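A short worksheet on the structure shown next.
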Amino acid sequence: MPGLELTGLDGKVAVVTGAGRMRSIGRPIAVELARAGCDIVLTGTGRSPDRYPDDEKAAGWRDIESVAAEVRALGRRALAITSDVGDEAAVQALVGRTMAEFGRVDFVVNNAGAARGRDRVPVLDMPIDAWDTVIRVNLRGTFLMSKFFGKQLVESGNGGVIINI
45 MPGLELTGLD
55 GKVAVVTGAG
65 RMRSIGRPIA
75 VELARAGCDI
85 VLTGTGRSPD
95 RYPDDEKAAG
105 WRDIESVAAE
115 VRALGRRALA
125 ITSDVGDEAA
135 VQALVGRTMA
145 EFGRVDFVVN
155 NAGAARGRDR
165 VPVLDMPIDA
175 WDTVIRVNLR
185 GTFLMSKFFG
195 KQLVESGNGG
205 VIINI
């Protein structure tokens, strides 16, 4: 079966959350959108390098900055912003910076997820604060990103797409 080829995206702007890990879904989404002609806004939590997995440390990985470098190598513009998608003010600031830098948004890929670490246990063993983090990032973050970027999509009159992963 042939692969899907993205076309007709020259000059479009895509925001991809949770794009800072070397082996994440966000990274190839951002790179393929850039390859198809999109400029990319990347968000991540700004993990400290001491929290990187061994493969990222060995590769000299720099979180969203590494993905931004890949996007730029494809000839596209990239804006790497450390942000907390579960925080309303942070999401509004992200919208503001995106609009100031690019003047538009066409795609939002809600990929950020708190699905690593202390929540990888049976529910009977999960700490309440770990559950709260999952809900804050995975649910509230998706809502906030969709709400505030969705407003930009509607106001632009050009439509757009929000993809929730």
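Counting along the sequence shown from 1, when you hit position 92 you're at 136 in our numbering, and nothing is skipped either side. Just so you know, even glycine gets a beta-carbon here, dropped at the ideal spot from N, CA and C. This one's a predicted model, so the numbers in the text were calculated from it and none came from an experiment.
A direct Cα-to-Cα measurement between glycine 119 and phenylalanine 146 gives close to 15 Å. Collapsing the DSSP output to three states places valine 57 in a strand. In the DSSP assignment, the residues bridged to valine 205 are Phe151. DSSP places valine 85 in the uninterrupted beta strand (DSSP E) bounded by 83-88. If you ignore the 5 residues before and after glycine 157, its C-beta comes within less than 7 Å of the C-beta of Gly62, Val181 and Asn182, all in its own chain and listed in chain order. C-alpha of valine 111 to C-alpha of alanine 74: approximately 8 Å in a straight line. According to the DSSP assignment, leucine 197 belongs to the alpha helix (DSSP H) that extends over 185-200. Taking a contact as a CB-CB distance under 8 Å, the pair alanine 122 and aspartate 128 does not count as one, their CB atoms being some 20 Å apart. Shown here, threonine 126 sits in a strand according to DSSP, grouped into three states. Under the criterion of beta carbons closer than 8 Å, valine 149 and valine 59 qualify as touching, at roughly 6 Å.
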